[in-house]
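Asks: Before I ask anything, let me first share the structure, which is written out below as structure tokens.
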Amino acid sequence: MLETIHIYHTNDIHSHLENWPRIRDFLMNKKMVHRDHREDCFLFDIGDHVDRWHPFTEATIGKGNIGLMNAVGYTAATIGNNEGITLSHQELDSLYSDADFDLILANVYDNKMNRPNWTVPHQIYHSKGGLKIGVTAVTAYFQQLYELLEWHVEEPFKELHSQVKELKEQVDVLILLSHLGIHDDEKIATLFPEIDLILGGHTHHILEKGKLVDRTLLAAAGKHGKFIGHVKLEVDLDKKIVTDKQAQLNETAKLPPSQNEKEEIADFYEKGRKLLFQEIVRLPESLSVEWFKESQLTVLLCEAIEEWCDADCAFINAGLLLDHLEKGMVTKYELHKILPHPINPCLIELNGRDLHSVILQTLDPKWPKLELKGLGFRGTILGNFVYTNISIEGSDMYIKDQKVQSNKMYKLGTIDMYTFGHFFPELYLADKKYFLPEFLRDVMEWKLKKEYKSEKQ
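Quick note: the sequence shown uses UniProt numbering, first residue 1, plus one each step.
See below:
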């Protein structure tokens with residue numbers, strides 16, 4: 001006798017709540033259909049549902065997202081790096097306090113190597129036909145960043161080995177929620193043939209019909225809620241083995257519009273705006289932003305990073321700032337609007353030779369109009385680079401009017417985005433200190449209060 005298990009999955013929604021009303025309606029409708037047919041139905045989210053670029057998420061510190069998931073009735077979820085390393089320790093520790101679903105996560109511990117009380121390393125679900133369905137989960141291995149937030153992240157493959165060893169004799173079907181990315185998922189499928197299904201994310205890959213690697217089916221639904229995944233597993237109840245696996249994606253844009261969805265989408269923003277309507281300072285004049293030349297606000301942010309990091313010099317790209325600030329009251333909402341990125345300040349120690357090389361690379365004309373997606377950047381183009389305490393005269397470079405010496409060490413203040421290997425090799429390889437959980441908007445708020453505190457009424 002065969003039993004069909006229906007599994008729906010989302011991943012990397014990144015608070016793109018413009019798609020949420022349709023996702024919610026689709027999932028809730030499917031749950032009712034399967035209930036009426038007395039079929040098993042499970043809903044999983046694979047992480048990065050939370051993204052602080054959206055004012056609703058920022059204002060509620062992600063708890064608003066959890067409320068949305070509760071309303072749908074997810075079975076379980078795991079975390080991505082946006083939940084894991086863009087919230088303070090306390091904020092993540094309380095994020096799931098009101099969750100009505102299981103938070104499955106095997107490879108994150110506190111500093112004493114205890115599992116957080118909001119996680120379970122695995123869960124075993126029971127189907128109507130008596131099947132035991134084991135689910136475990138691992139998230140991306142950003143070791144240094146988790147440590148700065150007083151968490152310990154275990155190497156995922158090591159943790160997975162322990163979980164599979166424990167579960168394989170207890171369950172009939174084994175599912176992994178993986179926020180590691182497609183390449184690691186493919187390796188896992190080869191190394192752990194006991195896993196029947198890997199629901200993936202992190203690298204935003206789209207697997208329209210899934211991908212079979214050896215005997216393991218990989219499934220993933222892209223990013224931003226543009227797709228909703230559906231996997232059907234057929235299981236022989238007598239032999240307790242999976243006999244068929246099928247995956248498909250449902251495109252959200254092609255789903256029926258949700259009732260009053262435009263109003264609901266606008267309401268998410270409005271709720272966030274109201275909650276973030278907290279005065280920071282009052283400006284005596286507007287502060288301008290230009291992407292292709294030096295401007296007041298970009299210079300101010302660069303100076304703020306240099307001071308915050310206690311650096312000798314600093315540089316940033318002007319495209320980080322998405323708009324100017326008007327004269328008068330500045331609120332947390334305005335700062336979030338112009339600096340929505342989950343990007344942190346970073347201090348890097350470089351010798352003069354490498355620092356000179358990096359600064360020369362920033363002068364490359366390819367950068368200003370380069371469109372960038374990912375790495376925490378939520379803007380459109382990089383824009384020109386802006387500098388504090390850095391000048392170039394001919395073939396010489398100066399820091400605070402002192403000629404740079406090749407073998408002397410210098411402290412450079414900048415942003416974490418430049419250290420991830422896609423920009424400047426010297427920064428990727430150098431010793432660095434990340435400042436977490438502060439984002440650029442927090443540093444800008446600190447600087448504005450410092451510069452304009454006398455203007456606040």
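Backbone N, C-alpha and C define an ideal beta-carbon position, used for all residues, glycine too.
Computed from a predicted model, the values in this text were never measured in an experiment.
Taking the DSSP output, what are the residues bridged to residue 122?
Replies: Position 122 of the sequence shown, counted from the start, is the residue given in the question as residue 122. BP columns for residue 122 point to 136.
Asks: What residues in its chain sit with their C-beta under 7 Å from that of residue 432, if we drop five residues either side in the sequence?
Replies: Stepping through the sequence shown from its first residue, residue 432 is reached at position 432. Cβ within range, chain order: 346, 347, 348 and 419.
Asks: Mark residue 441 as exposed unless 16 or more other C-beta atoms lie within 10 angstroms of its C-beta, in which case mark it buried.
Replies: Against the sequence shown, residue 441 aligns to sequence position 441. The residue in question, residue 441, is buried, as its Cβ has 16 or more Cβ neighbours within 10 Å.
Asks: Within 10 angstroms of the Cβ of residue 389, are there 16 or more other Cβ atoms? Answer buried if so, exposed if not.
Replies: The residue labelled residue 389 in the question sits at position 389 within the sequence shown. Buried, since its Cβ has 16 or more Cβ neighbours within 10 Å.
Asks: So the alpha helix (DSSP H) residue 356 belongs to, where does it begin and stop?
Replies: Indexing the sequence shown from 1 puts residue 356 at position 356. It spans 352 to 362 - the alpha helix (DSSP H) in which residue 356 sits, taken as one unbroken run.
Asks: Indicate whether residue 39 and residue 106 have their beta-carbon atoms separated by less than 8 Å.
Replies: As a first step, residue 39 is located in the sequence shown; it is residue number 39 there, counting from the start. As a first step, residue 106 is located in the sequence shown; it is residue number 106 there, counting from the start. For residue 39 and residue 106, no; Cβs fall outside 8 Å.
Asks: Does residue 367 come out as helix, strand or coil in the three-state DSSP assignment?
Replies: Against the sequence shown, residue 367 aligns to sequence position 367. Three-state result, residue 367: coil.
Asks: Would the beta-carbon of residue 169 be found less than 7 Å away from any heavy atom of the ligand NAD?
Replies: Judged by which ligands are present, the structure shown has none, so any question about the ligand NAD falls away.
Asks: Beta-carbon separation of residue 174 and residue 165 under 8 Å?
Replies: For the purposes of this step, residue 174 is identified with residue 174 of the sequence shown, where counting begins at 1. For the purposes of this step, residue 165 is identified with residue 165 of the sequence shown, where counting begins at 1. Contact: no.
Asks: Please report the residue range of the alpha helix (DSSP H) in which residue 94 lies.
Replies: Here residue 94 refers to the residue found at position 94 of the sequence shown. It spans 89 to 95 - the alpha helix (DSSP H) in which residue 94 sits, taken as one unbroken run.
Asks: Where do the N-terminal and C-terminal ends of the alpha helix (DSSP H) with residue 387 fall, by residue?
Replies: Reading the sequence shown from its first residue, position 387 is the one you call residue 387. Per DSSP, residue 387 belongs to no alpha helix (DSSP H); it is in the beta strand (DSSP E), 385 to 388.
Asks: By the DSSP assignment, the alpha helix (DSSP H) with residue 144 in it spans what residues?
Replies: Start at 1 with the first residue of the sequence shown, and residue 144 comes out as number 144. 143 to 148 is the span of the alpha helix (DSSP H), which, as asked, contains residue 144.
Asks: Run through the stretch 266 to 331 for me and flag every whole beta strand (DSSP E) of 3 or more residues, listed as ranges in chain order.
Replies: Fully enclosed beta strand (DSSP E) runs of 3 or longer: 279 to 283, 313 to 317 and 328 to 331.
Asks: Return the chain-ordered ranges of every beta strand (DSSP E) run that is complete within the stretch 205 to 275 and spans a minimum of 3 residues.
Replies: Whole beta strand (DSSP E) segments, 3+ residues: 211 to 213, 216 to 219, 227 to 236 and 241 to 251.
Asks: Please name the residue in 375, 136, 448 and 365 whose C-alpha comes closest to that of residue 120.
Replies: Taking the sequence shown and counting its residues from 1, the one referred to as residue 120 is at position 120. Of 375, 136, 448 and 365, the residue nearest in Cα terms is 136.
Asks: Can you look up residue 181 in the DSSP assignment and give me helix, strand or coil?
Replies: Taking the first residue of the sequence shown as 1, we reach residue 181 at position 181. Reduced to three states, the DSSP call for residue 181 is coil.
Asks: Skipping 5 residues on each side, what residues in its chain have a beta carbon closer than 8 Å to that of residue 403?
Replies: Residue numbering aside, residue 403 sits at position 403 when the sequence shown is read from its first letter. Counting only Cβ-Cβ distances below 8 Å, and skipping sequence neighbours, we find 396 and 397.
Asks: On the DSSP letters alone, give me the boundaries of the alpha helix (DSSP H) that residue 32 sits inside.
Replies: As a working mapping, residue 32 is identified with position 32 in the sequence shown. First-last of the alpha helix (DSSP H) with residue 32: 20 to 36.
Asks: Between the alpha carbons of residue 193 and residue 214, how many angstroms are there, rounded?
Replies: As a first step, residue 193 is located in the sequence shown; it is residue number 193 there, counting from the start. As a first step, residue 214 is located in the sequence shown; it is residue number 214 there, counting from the start. The alpha-carbon atoms of residue 193 and residue 214 are separated by roughly 8 Å.
Asks: Between 180, 145 and 148, which has its C-alpha nearest residue 157's C-alpha?
Replies: Translated into positions along the sequence shown, residue 157 becomes position 157. Here the closest residue by C-alpha is 180.
Asks: With a cut-off of 8 Å, do at least 3 Cβ pairs link the stretch 61 to 72 to the stretch 82 to 91?
Replies: A contact exists between the stretch 61 to 72 and the stretch 82 to 91.
Asks: How far does the beta strand (DSSP E) with residue 100 in it extend, from its first residue to its last?
Replies: The sequence position of residue 100 within the sequence shown is 100, counting from 1. Taken as a continuous stretch (DSSP letters only), residue 100 belongs to no beta strand (DSSP E), as it is neither H nor E.
Asks: Can you check whether the CB of residue 43 is closer than 8 Å to the CB of residue 96?
Replies: The count along the sequence shown starts at 1 and reaches residue 96 at position 96. The count along the sequence shown starts at 1 and reaches residue 43 at position 43. Contact flag unset, no.
Asks: Excluding five sequence neighbours on each side, which residues of the same chain lie with their C-beta closer than 7 Å to the C-beta of residue 417?
Replies: Position 417 of the sequence shown holds residue 417. Correct list, in chain order: 343, 375, 376 and 377.
Asks: Per DSSP, which one or two residues make a beta bridge with residue 402?
Replies: Walking along the sequence shown from the start, residue 402 turns up at place 402. DSSP, once it has assigned bridges, lists 399 as partnering residue 402.
Asks: Starting from residue 54, trace the alpha helix (DSSP H) both ways and give me its first and last residue.
Replies: For this step, residue 54 is matched to residue 54 along the sequence shown. Residue 54 -> no alpha helix (DSSP H), and no H or E assigned at all.
Asks: Going along the chain, which residues of its own chain have a beta-carbon closer than 6 Å to the beta-carbon of residue 406, five neighbours each way excluded?
Replies: As a first step, residue 406 is located in the sequence shown; it is residue number 406 there, counting from the start. Only 352 and 353 meet the Cβ criterion.
Asks: Alpha carbon to alpha carbon, how far is residue 12 from residue 24? Give it in angstroms, no decimals.
Replies: The sequence position of residue 24 within the sequence shown is 24, counting from 1. The sequence position of residue 12 within the sequence shown is 12, counting from 1. Approximately 15 Å between the Cα atoms of the pair.
Asks: Please report the residue range of the alpha helix (DSSP H) in which residue 428 lies.
Replies: Taking the first residue of the sequence shown as 1, we reach residue 428 at position 428. From DSSP, the alpha helix (DSSP H) with residue 428 extends over 425 to 429.
Asks: Below 8 Å, how does it come out for the stretch 287 to 305 and the stretch 242 to 251: are there three or more Cβ pairs, yes or no?
Replies: With a cut-off of 8 Å, the stretch 242 to 251 and the stretch 287 to 305 do not count as touching, because too few Cβ pairs lie within range.
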